[in-house]
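Colleague: Quick one: the structure is below, questions incoming.
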Amino acid sequence: MTKRLTSFERVARAHASSRLSPGTRALYLGDFNRWLAWCRKHKVDPTKPTLEDATAYRDELQEKQDVQSVRRVLSALSSMYGAAVALEDRLATWNPFHPQALPRPPADTYGRTEAIDVEKAKQIVAAADKESDGIGLRDAAILHLLFDTGMRISSLLSMRRSKLVRRGDGVVAWVKVKGTKLREVAIPRECAVVVERLLADAVVPESDFVFPADRGKGAMSRNTVDKMLKARGGAKMSAHRFRATFATGAFDAGVPLQEVQKALHHSSPVTTQRYDRGARGGGVAEALAKFRGEAV
C-alpha cells in the first residue's frame with residue numbers, strides 16, 4: 002500500500018524536483034528522504050522540528066560525512082523548508098536548517114572535499130578488480146572511472162553504451178555535464194578494458210545505460226554508489242573525493258591548469274584550482290631571491 006504524502010512532503014518534493022540538474026534533484030530527494038527516516042526513527046514531527054532536533058541530525062551527519070557534504074545537505078534541507086514556510090498556509094512552522102538558526106560546520110578556505118590518498122585509492126580499486134562476480138565487476142568499473150577520469154558521479158551514472166566510442170587504445174565517452182550538456186571524457190586503456198568486460202557480462206543487456214538500475218529502465222541511483230563506496234572505503238568515502246585526487250594527481254604530473262580544467266569540465270580555472278590538494282608554490286621565493294641576487 003502506497004504511503005500517502007502530507008502536504009508538507011509534497012511541497013518539499015516539488016521544490017527538490019524543480020532543480021535544473023537531474024543529479025541535484027536526486028541529491029535533494031535523497032537528503033529529504035533520509036531526514037524523514039530520521040524523524041520517524043526519533044518520533045519527530047517533520048513539520049514542527051525543534052532546533053535540538055536539527056542540531057542532533059547535523060551532528061549525526063558530521064560523524065558519517067565530510068564537512069562539505071554536511072554543508073550541502075543542510076543547505077538542501079533549508080531550501081525545502083524555506084519553500085514550505087513561504088506558503089500562505091505555512092506547511093511547516095519554521096525553517097530549522099536556516100543558517101541563522103543552525104550554524105553550518107566550518108569549512109576551510111574553499112569548503113574543500115578531502116582528497117583520497119592515492120595508495121589507499123589504488124588498494125580500493127585493486128580489491129574490486131580481484132572480484133570476478135557481477136557486483137565486483139560493476140564496482141571495479143565505477144571505481145576505475147572515478148579514479149582514472151575524475152568525472153562527476155552524475156556524469157558517470159548518465160553514461161550510455163551508445164555514447165562510447167573507441168579511440169586508439171582507449172575509449173571516449175560522451176556524458177552529460179550539469180544535467181544537459183554533452184562533454185567528452187577520455188577513458189584510458191586499463192579503465193576501458195574493465196568497462197568493456199562489464200558490458201560483455203552485463204546482467205541487463207537491453208539497457209543502454211552502462212550502469213543500469215537493478216530494476217526498471219533507468220540508471221543506477223546515486224544512493225547505490227554511495228553505499229558501495231562507504232562499504233569499500235569507510236564512512237567518509239565519497240565519489241567527489243576521487244575527483245579531488247584526480248585533479249591533484251594531474252597537477253603533480255605537471256599537466257597545465259587549462260588541460261585539467263577541460264578534463265574536469267569546469268567553466269572557470271579558479272574552480273579547478275580549488276580541487277588541488279597539493280602544496281604548490283614551494284621554492285618560488287627562493288628561486289626569485291636567487292635570480293635577484295644573480296642579477297645584481
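For the sequence shown, counting from 1, position 218 maps to 219 in our numbering; every step adds exactly one. For glycine and all other residues, C-beta sits at the position ideal for the given N, C-alpha and C. Remember, predicted model here, so these are calculated numbers, not experimental data.
1) Going by Cα to Cα distance, which pick from Lys49, Arg72 and Thr48 is closest to Arg59?
2) Quick check: the Cα distance between Ala290 and Glu120, rounded to an integer number of angstroms?
3) How do the region 164 to 172 and the region 125 to 145 stand: do at least 3 beta-carbon pairs fall below 8 Å, yes or no?
4) Can you confirm whether the region 174 to 193 touches the region 222 to 232 when touching is taken to mean that 3 or more C-beta pairs between the two stretches lie within less than 8 Å?
5) So what does DSSP say about Leu88, is it helix, strand or coil?
6) Return the chain-ordered list of same chain residues with a C-beta closer than 8 Å to the C-beta of Leu30, the five sequence neighbours on each side being excluded.
7) Shortest alpha-carbon distance to Leu230 belongs to which of Ile136, Thr51, Asp54 and Lys44?
8) Using only the alpha-carbon positions, how far apart do Val195 and Ala240 sit?
9) Report yes if the CB atom of Val126 is closer than 8 Å to the CB atom of Phe148, and no otherwise.
10) Less than 6 Å between C-beta atoms, sequence neighbours within five positions excluded: which residues of the same chain meet that for Asp140?
11) Out of Asp32, Trp39, Met152 and Thr48, point me to the one whose CA is closest to Thr7's CA.
12) Nearest to Thr273 by alpha carbon, out of Ala84, Arg190, Ile188 and Gly250?
13) Cα-Cα, which of Thr51, Ala236 and Leu78 is closest to Val12?
14) Could you tell me whether the Cβ atoms of Phe243 and Met160 are closer together than 8 Å?
15) Since I believe Tyr276 is in contact with Ala245 (beta carbons under 8 Å), could you give me their beta-carbon distance rounded to a whole number of angstroms?
16) Put Ala174 into one of helix, strand or coil per three-state DSSP.
17) What residues in its chain sit with their C-beta under 7 Å from that of Leu199, if we drop five residues either side in the sequence?
18) Mind checking whether Leu75 and Leu52 have CB atoms under 8 Å apart?
19) Which residues does DSSP pair with Glu185 in a beta bridge?
20) Report the option in Asp134, Phe33, Ala116 and Trp39 whose CA atom is closest to the CA atom of Met81.
21) Buried or exposed: where does Ser268 fall if 16 or more other Cβ atoms within 10 Å of its Cβ makes it buried?
22) Whole angstroms is fine: what's the gap from Pro189's alpha carbon to Pro270's?
23) Specify, as a first and last residue, the run of the beta strand (DSSP E) that Val45 falls within.
24) Could you give the distance in angstroms between the alpha-carbon of Lys263 and the alpha-carbon of Ala57?
25) Helix, strand or coil for Phe98, going by three-state DSSP, please let me know.
26) Tell me which same chain residues have a C-beta within less than 8 Å of the C-beta of Leu37, skipping the five on either side of it?
27) Could you tell me the boundaries of the beta strand (DSSP E) in which Val256 lies?
28) By the DSSP assignment, the alpha helix (DSSP H) with Leu147 in it spans what residues?
29) Check the C-beta distance from Gln1 over to Pro106 and give it rounded, since I have them as a contact under 8 Å.
30) I'd like the list of long-range same chain contacts for Ala27, defined as Cβ closer than 6 Å, with 5 residues on each side in sequence excluded.
31) Quick check: the Cα distance between His99 and Ala248, rounded to an integer number of angstroms?
Modeller: Well, looking at it:
1) Distance check between Arg59 and each of Lys49, Arg72 and Thr48 places Arg72 closest, using alpha-carbon atoms only.
2) Straight-line Cα distance between these residues: approximately 36 Å.
3) Counting C-beta pairs with one atom in each stretch, the region 164 to 172 and the region 125 to 145 have fewer than three that are closer than 8 Å, which means they do not touch.
4) Output reads no: the region 174 to 193 does not touch the region 222 to 232.
5) Taken through DSSP and simplified to helix, strand or coil, Leu88 comes out as coil.
6) Closer than 8 Å at the Cβ level, and outside the excluded window around Leu30, lie Arg14, Ala17 and Ser18.
7) Closest by alpha carbon: Ile136.
8) So the two alpha carbons sit approximately 18 Å from each other.
9) Yes; because the gap between Cβ atoms is below 8 Å, this pair is in contact.
10) Scanning its chain for C-beta atoms nearer than 6 Å, with the 5 sequence neighbours on each side dropped, one finds around Asp140 the residues Ala129 and Met229, in chain order.
11) That would be Thr48, whose Cα lies nearest to the Cα of Thr7.
12) Checking every option, the nearest Cα to that of Thr273 belongs to Gly250.
13) Comparing Cα positions, the closest option is Leu78.
14) No, they are not a contact pair.
15) Correct: roughly 5 Å between the Cβ atoms.
16) Strand.
17) Only residues of its own chain outside the window of five on either side were considered, and among them Leu138, Arg139 and Ala142 have a CB closer than 7 Å to the CB of Leu199, listed in chain order.
18) No, Cβ-Cβ distance for Leu75 and Leu52 is not below 8 Å.
19) BP columns for Glu185 point to Trp175.
20) Selected option, being the one with the closest Cα: Phe33.
21) By the neighbour-count criterion, in which a residue is buried when 16 or more other Cβ atoms sit within 10 angstroms of its Cβ, Ser268 is exposed.
22) C-alpha separation (whole angstroms): 24 Å.
23) That residue, Val45, is in no beta strand (DSSP E); it is neither H nor E in DSSP.
24) So the two alpha carbons sit approximately 41 Å from each other.
25) Coil at Phe98, not helix or strand.
26) In its chain, beyond the 5 residues on either side, Glu10 and Pro47 have a beta carbon closer than 8 Å to the beta carbon of Leu37.
27) For Val256, there is no enclosing beta strand (DSSP E), since its DSSP letter is neither H nor E.
28) Here the alpha helix (DSSP H) through Leu147 covers Gly135 to Thr150.
29) Nothing can be reported for residue 1: it is not among the residues displayed for the chain, which extend from 2 to 297.
30) Same-chain partners within the cutoff: Arg223.
31) Rounded to whole angstroms, His99 to Ala248 spans 32 Å at the Cα level.
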